[in-house]
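Peer 1:
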Amino acid sequence: MAQTHDAYYVPHGSHWPIVGSLGLFSTAIGAANWMNGGSGLTTSPLFFLGLAIIAFMMFGWFGTVIRESVAGNYNKQVDVSFRMGMMWFIFSEVMFFGAFFGALFYARMFSVPWIGGEGHGALTNYYLWQDYMPSWPTNGPGNIGGNFETIPAWHLPLVNTLLLLSSGVTITFAHHALRAGYRRALLVWLAATIALGAAFLYFQATEYMEAYHQLNLTLGSGIYGSTFFMLTGFHGAHVTLGTIMLTVMWFRCAKGHFTKDNHFGFEAVAWYWHFVDVVWLGLFVFVYVL
Amino acid sequence: MAHAAVHDTHDTHDHKPQGFLHRWLFTTNHKDIGTLYLVFALVMFFTGGSMAMIIRAELFEPGMQLVQPEFFNQMTTIHALIMIFGAVMPAFVGLGNWMIPMQIGAPDMALPRMNNWSFWILPFAFLLLLSTLFMPGAGPQGGWTLYPPLSLQGGNSIAFVILAIHMMGISSIMGAINIIATILNMRAPGMDLLKMPIFSWSWLITAFLLIAVMPVLAGAVTMLLTDKYFGTSFFNAAGGGDPVMFQHIFWFFGHPEVYIMILPAFGIVSEIIPTFSRKPLFGYQAMVYALASIAFLSFIVWAHHMFTVGMPLGGEIYFMYATMLIAIPTGVKVFNWVTTMWEGSLTFETPMLFAIAFVILFTIGGFSGLMLAIVPADFQYQDTYFVVAHFHYVLVTGAIFAIMAAAYYWLPKWSGNMYSERWGKIHFWMSVISVNVLFFPQHFLGLAGMPRRIPDYNIAFADFNMISSIGGFWFGASQLLFVGVIVHAVFFSKNRATMQVWEGARGLEWTVPSPAPYHTFSVPPVIDDSMLAHGDVTH
Chain L
33 MAQTHDAYYV
43 PHGSHWPIVG
53 SLGLFSTAIG
63 AANWMNGGSG
73 LTTSPLFFLG
83 LAIIAFMMFG
93 WFGTVIRESV
103 AGNYNKQVDV
113 SFRMGMMWFI
123 FSEVMFFGAF
133 FGALFYARMF
143 SVPWIGGEGH
153 GALTNYYLWQ
163 DYMPSWPTNG
173 PGNIGGNFET
183 IPAWHLPLVN
193 TLLLLSSGVT
203 ITFAHHALRA
213 GYRRALLVWL
223 AATIALGAAF
233 LYFQATEYME
243 AYHQLNLTLG
253 SGIYGSTFFM
263 LTGFHGAHVT
273 LGTIMLTVMW
283 FRCAKGHFTK
293 DNHFGFEAVA
303 WYWHFVDVVW
313 LGLFVFVYVL
Chain Z
44 MAHAAVHDTH
54 DTHDHKPQGF
64 LHRWLFTTNH
74 KDIGTLYLVF
84 ALVMFFTGGS
94 MAMIIRAELF
104 EPGMQLVQPE
114 FFNQMTTIHA
124 LIMIFGAVMP
134 AFVGLGNWMI
144 PMQIGAPDMA
154 LPRMNNWSFW
164 ILPFAFLLLL
174 STLFMPGAGP
184 QGGWTLYPPL
194 SLQGGNSIAF
204 VILAIHMMGI
214 SSIMGAINII
224 ATILNMRAPG
234 MDLLKMPIFS
244 WSWLITAFLL
254 IAVMPVLAGA
264 VTMLLTDKYF
274 GTSFFNAAGG
284 GDPVMFQHIF
294 WFFGHPEVYI
304 MILPAFGIVS
314 EIIPTFSRKP
324 LFGYQAMVYA
334 LASIAFLSFI
344 VWAHHMFTVG
354 MPLGGEIYFM
364 YATMLIAIPT
374 GVKVFNWVTT
384 MWEGSLTFET
394 PMLFAIAFVI
404 LFTIGGFSGL
414 MLAIVPADFQ
424 YQDTYFVVAH
434 FHYVLVTGAI
444 FAIMAAAYYW
454 LPKWSGNMYS
464 ERWGKIHFWM
474 SVISVNVLFF
484 PQHFLGLAGM
494 PRRIPDYNIA
504 FADFNMISSI
514 GGFWFGASQL
524 LFVGVIVHAV
534 FFSKNRATMQ
544 VWEGARGLEW
554 TVPSPAPYHT
564 FSVPPVIDDS
574 MLAHGDVTH
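Chains as they are written, first to last, in our numbering: chain L, 33 to 322; chain Z, 44 to 582.
(1) For the region 226-240 of chain Z, list every residue whose C-beta sits within 9 Å of some C-beta in chain L, in sequence order.
(2) Below 8 Å, can you find three or more Cβ-Cβ pairs linking the region 306-314 of chain Z to the region 239-258 of chain Z?
(3) Which residues in the same chain have their Cβ closer than 8 Å to the Cβ of glycine 288 of chain L, if we skip the five residues on either side of it in sequence?
(4) Starting from the Cα of threonine 383 of chain Z, find the closest Cα among Z/Pro560, Z/Phe507, Z/Ile316 and Z/Ser411 and give me that residue.
(5) Going by DSSP, which residues form a beta bridge with asparagine 107 of chain L?
(6) Hey, is alanine 335 of chain Z's beta-carbon within less than 8 Å of any beta-carbon in chain L?
(7) Taking the Cβ atom as the reference point for each residue, do glycine 489 of chain Z and phenylalanine 429 of chain Z lie within a distance shorter than 8 Å?
(8) Between phenylalanine 350 of chain Z and glutamine 425 of chain Z, which are expected to be in contact by the criterion C-beta below 8 Å, what is the C-beta distance as a whole number of angstroms?
(9) Along chain Z, in chain order, which residues have C-beta atoms closer than 9 Å to that of glutamate 325 of chain L?
(10) Per DSSP, proline 323 of chain Z is paired with what?
(11) Could you check whether the Cβ of asparagine 379 of chain Z sits closer than 8 Å to any Cβ belonging to chain L?
(12) Just grab the DSSP bridge partners of alanine 427 of chain Z for me.
(13) At the 8 Å Cβ level, is asparagine 294 of chain L part of the contact set with chain Z, yes or no?
(14) Three-state secondary structure (DSSP) at histidine 208 of chain L?
(15) Nearer than 7 Å: is that true of the beta carbon of tyrosine 424 of chain Z relative to any heavy atom of the ligand HEM?
(16) If we require 4 or more residues per run, which alpha helix (DSSP H) segments fall completely within the region 535-579 of chain Z?
(17) Exposed or buried, tryptophan 163 of chain Z, counting other C-beta atoms within 10 Å across all chains shown (16 or more means buried)?
(18) Could you please tell me which residues of the region 65-95 of chain L, in chain order, have their CB closer than 7 Å to any CB of chain Z?
(19) On the premise that lysine 468 of chain Z lies in contact with glycine 387 of chain Z, defined as a C-beta separation below 8 Å, what is that separation, rounded to the nearest angstrom?
(20) Would you tell me roughly how many angstroms separate the C-alpha atoms of alanine 520 of chain Z and proline 133 of chain Z, rounded to the nearest one?
(21) Does the CB of glutamine 246 of chain L have a neighbour CB from chain Z at under 8 Å?
(22) Spatial neighbours of serine 320 of chain Z within its chain, please: CB distance less than 6 Å, with the 5 preceding and 5 following residues excluded, ordered by chain position.
(23) So for asparagine 460 of chain Z, helix, strand or coil by DSSP?
(24) Report all residues from its chain with a CB closer than 6 Å to the CB of proline 155 of chain Z; omit the five preceding and five following residues, and keep chain order.
(25) Would you please verify whether the beta carbon of valine 321 of chain L is less than 8 Å from any beta carbon of chain Z?
(26) So what does DSSP say about methionine 165 of chain L, is it helix, strand or coil?
(27) I'd like to know if alanine 47 of chain Z contacts chain L, where contact means its C-beta is closer than 8 Å to some C-beta of that chain.
(28) Could you please give the first and the last residue of the uninterrupted alpha helix (DSSP H) stretch that includes valine 97 of chain L?
(29) Quick check on the burial criterion: 16 or more other C-beta atoms within 10 angstroms. Buried or exposed for valine 311 of chain L?
(30) Report the residue from Z/Val259, Z/Gly282 and Z/Pro258 whose alpha carbon sits nearest the alpha carbon of glycine 257 of chain L.
(31) Can you find a CB in chain L that lies within less than 8 Å of the CB of tryptophan 160 of chain Z?
(32) Taking a Cβ distance cut-off of 7 Å, strictly less, list which residues of the region 211-222 of chain Z are near chain L, in chain order.
(33) Once the 5 residues before and after serine 215 of chain Z are set aside, which same chain residues still bring their CB inside 6 Å of it?
(34) What is the rounded straight-line gap between the Cα of alanine 370 of chain Z and the Cα of leucine 413 of chain Z?
(35) Spell out whether any CB of chain L is found under 8 Å from the CB atom of histidine 348 of chain Z.
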């Protein structure tokens, strides 16, 4: 690092972006055909091929970056650019969740009371849904998806909250171990974080099974089911991704890719993990408790 | 902030890569990627433009003559999507790619490979979007805003459109992240933020808008997708949802989006007017603060797009006054452009002509925007040609004129050759006259009650529609001149550009040769305050 510190670093060209574009393109075509109920190679096979291409691209692209980083090609300025990139990527993810939280708040604050006749919704209610008593949770005046029950907040969701909060602590311990140069402690704490993430996902899957099989709470259960499963589902997808990233970091730590002062890959994943943690707190409060 | 002392590009890649495919597909060079963006935007401009020609041809006379109503609706829908996401936004990103590193003294963008991906997603996204035109169930017909339930009642194409929008969003977010990282991290030593050229400033603020709202659009269209295919009830009142909720989420994206399409134009015009007035920009800091204020206000005015949808009165009044507030920082900008020209020693080269036309015509678009902001009046104007006239004044004579001004202004720096001033001026005068013939009568049509997105109309609207269509064909044909001037300048012009290009031009980009070398700054540029475009910065 030291010898290149004062130079601009411009990476050489790369074929990975175009590979990634082809992957996205295949995924999109496959997904659209699949959703439209088509059959044949251009539906789910193309979708999974696209995902495989994207995974291949990520291995290749990250691999290139890791090799360049380990070879000491990067300087402080590149490091700061990476940090800003990750930071603003996470911010964009926050805004993505914001759209779904917005939908939840809008439904609870406005659309459900209006359907129930509040404010300027009085006539709508009178002519269309006189019998509808607005409440939350609801699947609307059409009783879309049939009667359902909700997941009690203080059982599995509470356990999951404790799991994710503890994982935030363990990854911080791992980070401290990394900065102190204790690789063994680092690996143990990181493994603990991965285990906590995996446990969270296991319980979340259990909860979904219970919702579908015992509570009749599905994605099709009106606005409650929509907001519940889309919010927790996208969060779960992010936890899955985060757990995969943590696992990659575990192997990179085991291989000794990181030094006390230079371990941005690890930090980026830690930021991401804290981000899914915070989103979960929002979910716990606004989806489960309130 | 810009802490890296720069000495050299110690890299093995000082030279242009060999081989056509290798260079353009794998490139990490901001100039190559900027060129790709600009060429792509031009191709999309003509693609979307031909759809506009079909629209104007059908509307030439009352009655149905050329196309089926379904096809007409596809034209209005896809014309908008292409012009917004395929022409205007990529053109601005292309200009940003070319100019931001040169203006702030950086060797390239902060994340060059991601920059490549940002671009190379786009051709695939638009292939996906355009392919819907040829599908059995036809393309999207519900308007670019994709309002449910209408947008979900069409054919299979909506899934392709939504996934294409997701791809465009990924591209935009990565592009915006790159621009923020570049401006905050790659400025040459001494290039303080408040010394930065105003075009770079406008892009910094635009990039924040993009990162904040493109994910919200992604969320909105994802909800559409699950409502159509996975049984959710976000926009279904029977399930407790609300179609109006889509409009709120969509316009939370959509209103900042319209500023995404105009703030870089403000930046461009703020570069060009000082150059050809041979004066520093009047009120540089006020211009920066006005940009920031407009960006902030853009987040809290979205519902003025939906006054007639049935909102509580308090909401209507709040959104009306909040919207009118935007006139204040915008007024500051217009005032400062005019004051920059005041007592300047003006010359009227093509970029300056486009910039002056921008100031006048964009202001007309702004005024019709103020009329639309008045709730009771909007009940009359909503969904009429008045709205169409309004947003085409801000987008065509606003954003597109600024992009053309930028193309003429910086083309000599990019290509090393001067364009033909004579043909540039012919292009300008043809464009500026025809665009007013095209869009000005649409104000009258709208005030008289002609609805938008309708292939047939009352015979009372015949005359103005015919005038508008003639203006449309004239404007469309005039843009062929633009291509001609560019092709001539890049490939055939013998008139070599100097380093300075324009007598009154200030800024780092004018200190490097024309054409700019493949890697602009291999040694740190010396930031000489007198060379910056805004010499009134005193600190």
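All C-beta atoms, glycine included, are put in the ideal place defined by N, C-alpha and C.
Peer 2: In terms of the structure at hand:
(1) Look at the region 226-240 of chain Z: the residues with a C-beta under 9 Å from a C-beta of chain L are Leu227, Asn228 and Met229.
(2) Yes, they touch.
(3) For the purposes of this step, residue 288 of chain L is taken as the residue at position 256 of the first sequence. Excluding sequence neighbours, glycine 288 of chain L sits near Arg215.
(4) Here residue 383 of chain Z refers to the residue found at position 340 of the second sequence. The shortest Cα separation from threonine 383 of chain Z among Z/Pro560, Z/Phe507, Z/Ile316 and Z/Ser411 belongs to Z/Ile316.
(5) Here residue 107 of chain L refers to the residue found at position 75 of the first sequence. According to the DSSP secondary-structure assignment, asparagine 107 of chain L is paired through a beta bridge with no residue.
(6) Start at 1 with the first residue of the second sequence, and residue 335 of chain Z comes out as number 292. No, because no Cβ of chain L sits closer than 8 Å to the Cβ of alanine 335 of chain Z.
(7) Here residue 489 of chain Z corresponds to residue number 446 of the second sequence, with the count starting at 1. Here residue 429 of chain Z corresponds to residue number 386 of the second sequence, with the count starting at 1. Less than 8 Å divides the Cβ of glycine 489 of chain Z from the Cβ of phenylalanine 429 of chain Z.
(8) Taking the second sequence and counting its residues from 1, the one referred to as residue 350 of chain Z is at position 307. Taking the second sequence and counting its residues from 1, the one referred to as residue 425 of chain Z is at position 382. That pair is a contact at about 7 Å.
(9) Because chain L spans 33 through 322 in this model, residue 325 of chain L falls outside it and cannot be assessed.
(10) For the purposes of this step, residue 323 of chain Z is identified with residue 280 of the second sequence, where counting begins at 1. For proline 323 of chain Z, which the question treats as bridged, DSSP gives no partner whatsoever.
(11) Taking the first residue of the second sequence as position 1, residue 379 of chain Z is located at position 336. Cβ-Cβ to chain L under 8 Å: no for asparagine 379 of chain Z.
(12) Translated into the one-based positions of the second sequence, residue 427 of chain Z becomes position 384. Looking at the sequence itself, residue 427 of chain Z is threonine, so the reference to alanine does not match. Paired residue(s): Z/Pro494.
(13) Position 262 of the first sequence holds residue 294 of chain L. Cβ-Cβ to chain Z under 8 Å: no for asparagine 294 of chain L.
(14) Walking along the first sequence from the start, residue 208 of chain L turns up at place 176. The answer is helix: DSSP assigns histidine 208 of chain L an H, G or I state.
(15) Because no ligand of any kind appears in the structure shown, any question about the ligand HEM cannot be addressed here.
(16) Listed in chain order, there is nothing to give.
(17) Here residue 163 of chain Z refers to the residue found at position 120 when the second sequence is read from its first residue. Per the 10 Å Cβ criterion, buried.
(18) Of all residues in the region 65-95 of chain L, the ones placed with a Cβ closer than 7 Å to any Cβ belonging to chain Z are Met67 and Asn68, in chain order.
(19) Mapped onto the second sequence, residue 387 of chain Z falls at position 344. Mapped onto the second sequence, residue 468 of chain Z falls at position 425. With a contact defined as Cβ atoms closer than 8 Å, glycine 387 of chain Z and lysine 468 of chain Z miss out at about 20 Å.
(20) As a first step, residue 520 of chain Z is located in the second sequence; it is residue number 477 there, counting from the start. As a first step, residue 133 of chain Z is located in the second sequence; it is residue number 90 there, counting from the start. Alanine 520 of chain Z and proline 133 of chain Z have their C-alpha atoms spaced approximately 22 Å apart.
(21) Taking the first residue of the first sequence as position 1, residue 246 of chain L is located at position 214. Not one chain Z Cβ lies under 8 Å of glutamine 246 of chain L.
(22) Stepping through the second sequence from its first residue, residue 320 of chain Z is reached at position 277. Only Thr383, Met384, Gly387 and Leu389 meet the Cβ criterion.
(23) Locating residue 460 of chain Z in the second sequence gives position 417, where the first residue counts as 1. Correct three-state label for asparagine 460 of chain Z: strand.
(24) Taking the second sequence and counting its residues from 1, one reaches residue 155 of chain Z at position 112. Apart from the 5 residues on each side of it in sequence, proline 155 of chain Z sits with its Cβ closer than 6 Å to the Cβ of Thr71 in its chain, given in chain order.
(25) As a position in the first sequence, residue 321 of chain L is number 289, starting the count at 1. Contact with chain Z is absent for valine 321 of chain L, since none of that chain's Cβ atoms lies less than 8 Å from the residue's Cβ.
(26) To locate residue 165 of chain L, count along the first sequence from 1; it is residue 133. Here methionine 165 of chain L sits in coil by DSSP.
(27) As a working note, residue 47 of chain Z is residue 4 in the second sequence. Confidence at alanine 47 of chain Z is low in this model, with a pLDDT of 38, below 50, so the placement of that residue should be treated as unreliable; the coordinate-derived value is given next. Judged by the 8 Å Cβ criterion, alanine 47 of chain Z is in contact with chain L.
(28) As a working mapping, residue 97 of chain L is identified with position 65 in the first sequence. Valine 97 of chain L: member of the alpha helix (DSSP H) spanning 76-102, first to last residue.
(29) Here residue 311 of chain L refers to the residue found at position 279 when the first sequence is read from its first residue. Buried is the call here.
(30) Locating residue 257 of chain L in the first sequence gives position 225, where the first residue counts as 1. Comparing Cα positions, the closest option is Z/Gly282.
(31) The residue given as residue 160 of chain Z occupies position 117 in the second sequence. At a cut-off of 8 Å, the C-beta of tryptophan 160 of chain Z has a neighbouring C-beta in chain L.
(32) Going along the region 211-222 of chain Z in chain order, one finds Ile216 and Ile220 with a Cβ nearer than 7 Å to chain L.
(33) The residue you call residue 215 of chain Z lines up with position 172 of the second sequence. So the list reads Leu253 and Met257, once near-sequence residues are dropped.
(34) Translated into positions along the second sequence, residue 370 of chain Z becomes position 327. Translated into positions along the second sequence, residue 413 of chain Z becomes position 370. Cα to Cα, the separation comes out at about 8 Å.
(35) Within the second sequence, residue 348 of chain Z is the residue found at index 305, counting from 1. It does not; no Cβ of chain L falls within 8 Å.
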